[in-house]
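Here the structure comes first, spelled out in structure tokens, and everything after it is commentary.
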Amino acid sequence: MAMSKFPEILTDEKIKENKPDFRKALFFLDKNLIDKNNISHLIRIYSTTKHLDIRNKILKLLYDCDFPELKDFFNNAYKKEKYLDMKIYALRGLAKFISEKEIEKLLIKFNEILKKIQVTTPYNYQEYELLRGKNALPYLADKYKYNCFKVTLDQVNEQYEVMPEVFKGIFTIDENGEFIQLKQPEETSKSLTAFFDNK
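The numbering used here applies: residue 1412 is where the sequence shown begins, and numbers increase by one.
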């Protein structure tokens, strides 16, 4: 149920973010309603919120926009975000404003963090599926054809492949950034419990 004009509730600086009306307005916001006159409201909400899901949603709402003021926004978001998928969403936005060389520099550090994940959290299937999502690294590798995106995507896929089968194919992310459940939660819970019980 997309709105027909930019929701007023998102322009109210005093609104509580946990209000159902606020969340509904943000999470059902039609990207086509975002323009240079209202973009500042989304940037403000992103910058002040403590809610990860709100930051995630705003990155996805904005990462295809090319308003000049977004260069600094995405640059700061890339530095701020700790989760690798969120960094990639920020980079999807930033890629429109910076060179391949600059992207490559960011991804060299990104790949080092990615390698550490394999050691510290070897079964981090959620992060891998998010990075492999159709709106994330595959999109960037396909759109820009930069080797640095391909190298990072290959590394994600290699680390994903060495995980036990039980962690694969649980969910995926479509081109719109929407979560798609591939296995029933009960089935996943059962198989993961069995896996850890046998370790």
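C-beta: ideal position from N, C-alpha, C; glycine also. All of these numbers come straight from a predicted model, not from anything done at the bench.
Less than 8 angstroms divides the Cβ of L1541 from the Cβ of D1496. By a beta-carbon distance limit of 8 angstroms, I1456 contacts I1465. Their separation comes to about 7 angstroms. Residues Y1534 and F1606 of the same chain have their beta carbon placed closer than 8 angstroms to that of P1575, with the five preceding and five following residues left out of the count. For T1599, there is no enclosing beta strand (DSSP E); the enclosing alpha helix (DSSP H) has its first and last residue at P1596 to D1608. Boundaries of the beta strand (DSSP E) around I1584: F1582 to I1584.
The three-state secondary structure of I1426, taken from DSSP, is coil. Going by beta carbons, L1505 and F1521 fall outside the 8 angstroms limit. Of the other Cβ atoms in all chains shown, 16 or more fall within 10 Å of the Cβ of V1567; this residue is therefore buried. Taking 8 angstroms as the cut-off, the beta carbon of I1509 is found no closer than this to the beta carbon of E1480.
Between Q1570 and F1582, the C-beta gap is not smaller than 8 angstroms, which leaves the two residues out of contact.
Put simply, the backbone Cα of E1572 is about 24 angstroms away from that of L1517. Apart from sequence neighbours up to five positions away, the residues of its chain that approach F1478 with a beta-carbon distance below 7 angstroms are K1447 and I1450, ordered along the chain.
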